[in-house]
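Below is one structure, written out as structure tokens; the observations come after it.
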Amino acid sequence: MFRHRFRHTSIRSKLTLTYIAGALLAALLGFTVYHVFVQPVDWAAQIVEVAQQPSNLWLMGLLIVAALSVSVFLGYLMARSFNRQIKALAAGAHRIASGDLATRIEVHNEDELAQLAGAFNDMAARLQTSLDQQQKLEQARRDIVANVAHDLRTPLAAVQAAVEALEEGVVEDAATATQYLATVSRETRYLGRLIDDLFALSQLEAGQFQLEPMPIYVEDLVQDCLTGLLPQIDRTGVTLKIDLPATLPPVQADRHATRRVLINLLQNALTFTPGGGQIAVSGAAVDTSRDGLPANMVKLEVSDSGPGIPAEDLLPGPNGQPRIFARFYRGDKARSGSGAGLGLAIANELIRAQGGRMWVTSVPGEGTTIGFTLPRSN
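For the sequence shown, the residue numbers in the numbering used here are 48 to 425.
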């Protein structure tokens with residue numbers, strides 16, 4: 048019990064207790080010597096009496112040695128405890144300096160040295176976390192370079208093949224030449240979109256993407272987005288359902304950025320919805336905090352009756368977001384408008400940059416719903 052309490056005592060308290068113990072021993076020794084040898088009698092007679100009684104000298108010497116021994120023993124115990132902790136700190140510092148960031152110092156007491164050891168462990172943990180993050184960023188950088196190289200190589204190879212065929216006169220009829228030129232045009236446009244997406248994503252992640260928030264009526268924005276997609280909707284035979292309440296309040300958002308998000312979600316839904324299927328666009332005001340959504344927001348959702356998204360593509364990634372929202376992520380049914388795994392990543396970043404949140408729910412074989420929130424306009 049005493050040992051447990053002593054471990055929880057600060058160094059200052061330990062030193063104070065040691066001084067007090069030494070003082071008490073000295074006082075006890077003085078009191079004993081005084082009453083045994085220095086009774087209030089004649090000093091000369093007392094000295095003679097002490098000299099004539101060697102046993103008294105032995106007793107006095109024994110008391111002095113005992114007091115000194117106890118003091119030295121207490122000092123030794125404290126010095127050993129301090130020395131052990133200091134050596135542990137020094138050894139831990141050397142191991143960290145050599146690159147072993149998993150080093151931790153065992154903390155048994157609760158004094159100042161134990162607090163220093165705890166701070167040391169916290170520092171080592173932060174260094175380990177920082178190193179892990181740096182390694183993840185480096186791996187992400189290598190992945191980006193590899194993905195960009197792959198996505199650029201494919202269309203460039205198609206363009207190069209078409210141009211070489213035209214240059215070498217392999218194409219003899221005008222129809223085939225027109226087809227080759229169309230391939231060059233299509234792949235060039237794809238390269239342009241890919242470069243634009245990469246530039247937009249880099250600006251978003253650096254916080255340099257320029258947004259101009261303004262009041263936007265959601266119904267008008269949805270109709271604007273659908274105007275350019277109606278021919279594709281009619282051609283695929285997909286049924287379109289719009290469920291936007293007349294009382295839906297406007298949102299405070301950047302029109303161009305939000306339009307880009309909606310078009311991406313609608314194009315994905317069209318791509319993965321079979322003929323005769325259904326795409327639904329719905330909206331609702333979020334007046335109070337519920338289902339993890341903050342109040343004073345407007346919720347929009349785009350649903351389809353496609354094959355759905357595999358569960359592994361919806362698992363949280365390193366940033367806590369679904370893996371399907373990661374840049375260059377290609378799942379079994381990666382739903383990216385650009386085809387390079389950037390569409391949903393950009394959409395997610397655009398929504399987050401405007402103070403909203405994006406989510407996805409999916410049931411394989413039944414369909415997918417991707418929704419997001421935006422702040423309500425005042």
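For every residue, glycine included, the Cβ atom is placed at its ideal position computed from N, Cα and C.
Item: Where residue 357 and residue 370 are concerned, what is the direct C-alpha to C-alpha distance, given to the nearest angstrom?; Value: 11 Å
Item: Taking Cβ positions, are residue 277 and residue 332 nearer each other than 9 Å?; Value: no
Item: Would you be able to state if there are at least three C-beta pairs under 8 Å between the segment 193–213 and the segment 158–174?; Value: no
Item: For residue 206, does the three-state DSSP call read helix, strand or coil?; Value: helix
Item: Would the segment 315–332 and the segment 347–356 be scored as touching if the rule is three or more Cβ pairs under 8 Å?; Value: yes
Item: Can you tell me which residues form a DSSP beta bridge with residue 350?; Value: 327 and 416
Item: Tell whether a beta-carbon distance below 9 Å holds between residue 404 and residue 361.; Value: no
Item: Roughly how many angstroms separate the alpha carbons of residue 363 and residue 241, rounded to a whole number?; Value: 25 Å
Item: Do the segment 298–312 and the segment 391–407 touch if we need at least three Cβ pairs shorter than 8 Å?; Value: yes
Item: Using 9 Å as the threshold, is the C-beta distance between residue 286 and residue 254 below it?; Value: no
Item: Please return the same chain residues whose Cβ sits closer than 6 Å to the Cβ of residue 327, not counting the five positions on each side in sequence.; Value: 288 and 350
Item: Could you have a look at residue 88 and say whether DSSP puts it in helix, strand or coil?; Value: The pLDDT assigned to residue 88 is 47, lower than 50, so where the model puts this residue is not dependable; a value taken from the coordinates is nonetheless given after this. Residue 88 falls in the coil class under three-state DSSP.
Item: When you compare the CB positions of residue 263 and residue 292, do they come within less than 9 Å of one another, or not?; Value: no
Item: What number of angstroms, rounded off, separates the C-alpha of residue 182 from the C-alpha of residue 366?; Value: 15 Å
Item: Go ahead and pull the three-state DSSP assignment for residue 383.; Value: For residue 383, the predicted structure reports a pLDDT of 47, less than 50, and the residue's modelled location is therefore unreliable. A value from the coordinates is still provided. If DSSP states are grouped into helix, strand and coil, residue 383 belongs with coil.
Item: Tell me the residue span of the alpha helix (DSSP H) that contains residue 424.; Value: That residue, residue 424, is in no alpha helix (DSSP H); it is neither H nor E in DSSP.
Item: Taking its Cβ as the centre, do 16 or more other Cβ atoms sit within 10 Å of residue 409, making it buried, or is it exposed?; Value: buried
Item: Alpha carbons only, please: which of 163, 147 and 109 is nearest the one belonging to residue 133?; Value: 163
Item: Tell me whether residue 251 sits in a helix, a strand or coil according to DSSP, three-state version.; Value: helix
Item: Would you report the Cα separation of residue 259 and residue 232, rounded to the nearest angstrom?; Value: 33 Å
Item: By alpha-carbon positions, which one of 195, 127, 252 and 196 ends up nearest to residue 160?; Value: 127
Item: Span of the alpha helix (DSSP H) holding residue 305?; Value: 302–319
Item: From this set, 395, 236, 197 and 136, which residue's C-alpha is nearest residue 420's C-alpha?; Value: 395
Item: Taking buried to mean at least 16 other C-beta atoms within 10 Å of its own C-beta, is residue 281 buried or exposed?; Value: exposed
Item: Could you have a look at residue 356 and say whether DSSP puts it in helix, strand or coil?; Value: coil
Item: Comparing alpha-carbon positions, which option in 398, 223 and 406 lies nearest residue 416?; Value: 406
Item: Straight-line CA distance for residue 304 to residue 334?; Value: 24 Å
Item: Using the beta-carbon count (16 or more within 10 Å), is residue 279 buried or exposed?; Value: exposed
Item: Please classify residue 344: is it buried, with 16 or more other beta-carbons within 10 angstroms of its beta-carbon, or exposed?; Value: buried
Item: Which word fits residue 203, buried or exposed, when buried means at least 16 other C-beta atoms lie within 10 angstroms of its C-beta?; Value: exposed
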